[in-house]
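Working notes, structure below.
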Amino acid sequence: MLSVSWLARLGFFCSVVLWQIPVSPALSYTSIPLNVTQDSGKVANFLCGVSPETATTRVEFTIHRRHGNYSVLCPGEPMSLPSQGLNGYCEVKGQELRAGWSIAYSSRRDSDTYVVCEPTGLSPTYAYLTVKGNNSYFSAFIGCVVGGFLVILLIFGLAYLGMRRSESLRRCFKGQMTEDDLSTIIED
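In mature numbering (1 follows the signal peptide of the UniProt record, and there is no 0), the protein residues as written are -26 to -1, 1 to 162.
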C-alpha cells in the first residue's frame, strides 16, 4: 500500500509541475506574402510575419528583381535602395516578427518580381508582382501629335514675322521695278 500511495503522490506532483510549465506554441505564419496586381507607377507592398517571436526566430525575406536580388534578415537592420524605390524592413508587433518589402514606383519591367519568405523551421512561401500597364502609350502619342502641331505653328509664325520685317526679302518677292512704277503724274 505504501508504494501505491507514494506512486500516486508522485504522479500527482508531476502533473501539477507539468501543468505549471507553459507550453511554447509552434512557430507559424501570421502573415504570408500575397500576390500583388498593381497599376504602373503605384506602390507595391509585400509582408511576411511569423509568431511567436523568440530569441531564435529568424526570417529571411528576399526580393528577386531584374535589377538584382536583395534580402532582409529579421531581426536586423532595414535596407533602403532609393535609386530603385525599394525599402526592406523588419518590425516586432506583440508576439509577431514581421518582414516587409515596399516598391515605391512599380513599372511594367517589375512584372517578373517575386518575393520569398523563409522563416527558420518553416517551409518558404512565395508571392509575385504583376504590373498592369495603364494606357500611357496612347497618351504619349496624343501628346506628341499636339506638341508637334504647336512646334510647326511656332516655326511658321516666326518665319512670317521674320519675312515681314526683312527688307531684302521684300525686295526679293516684289520683283524688278518697271517703267510704270517709276512714272509719276505731276499736275500743275
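Using N, Cα and C, we set each Cβ at its ideal position, and we do this for glycine too.
Legend entry - For Cys64 and Asp86, the rounded distance between their alpha carbons: Mapped onto the sequence shown, residue 86 falls at position 112. Mapped onto the sequence shown, residue 64 falls at position 90. Asp86 and Cys64: Cα-Cα distance of roughly 24 Å.
Inset, instruction - Buried or exposed for Ile77, please, with buried defined as at least 16 other CB atoms from any protein chain shown within 10 angstroms of its CB. - result: Counted from its first residue, the sequence shown places residue 77 at position 103. Burial call: buried.
Inset, instruction - Quick one: give me the first and last residue of the beta strand (DSSP E) that residue 173 is part of. - result: The question about residue 173 has no answer, for the chain in this structure spans -26 to 162.
Inset, instruction - Using the DSSP secondary-structure output, state which residues sit across from Ser(-22) in a beta bridge. - result: Counting from 1 along the sequence shown, the entry for residue -22 is found at position 5. Per DSSP, none; premise fails for Ser(-22).
Legend entry - Close-in-space but distant-in-sequence residues of the same chain around Val66 (CB under 6 Å, 5 per side omitted): Start at 1 with the first residue of the sequence shown, and residue 66 comes out as number 92. Cβ neighbours of Val66 beyond the five flanking positions: Glu27.
Legend entry - N-terminal and C-terminal residue of the beta strand (DSSP E) that His38 is part of: Numbered from 1 along the sequence shown, position 64 holds the residue referred to as residue 38. Residues 33 to 39.
Legend entry - Spatially closest choice to Gly59 from Ser80, Arg145, Tyr3, Arg72, by CA coordinates: Position 85 of the sequence shown, counting from 1, holds the residue named residue 59. Looking at the Cα atoms, Ser80 is the closest of the given residues.
Inset, instruction - Could you check the C-alpha separation between Cys22 and His41 for me, to the nearest Å? - result: Taking the first residue of the sequence shown as position 1, residue 22 is located at position 48. Taking the first residue of the sequence shown as position 1, residue 41 is located at position 67. Roughly 22 Å separates the two Cα atoms.
Legend entry - Ser113 to Lys106 span [Cα, whole Å]: As a first step, residue 113 is located in the sequence shown; it is residue number 139 there, counting from the start. As a first step, residue 106 is located in the sequence shown; it is residue number 132 there, counting from the start. C-alpha separation (whole angstroms): 16 Å.
Inset, instruction - Identify whether Ser97 lies in helix, strand or coil by the three-state DSSP scheme. - result: Position 123 of the sequence shown, counting from 1, holds the residue named residue 97. It is coil, neither helix nor strand.
Inset, instruction - Would you check if the distance between the CB atom of Ala73 and the CB atom of Cys48 is smaller than 8 Å? - result: Numbered from 1 along the sequence shown, position 99 holds the residue referred to as residue 73. Numbered from 1 along the sequence shown, position 74 holds the residue referred to as residue 48. In this structure, Cys48 lies closer than 8 Å to Ala73 by Cβ.
Inset, instruction - Pull up the distance between the alpha-carbon of Val90 and that of Phe123, whole angstroms please. - result: Start at 1 with the first residue of the sequence shown, and residue 90 comes out as number 116. Start at 1 with the first residue of the sequence shown, and residue 123 comes out as number 149. The alpha-carbon atoms of Val90 and Phe123 are separated by roughly 50 Å.
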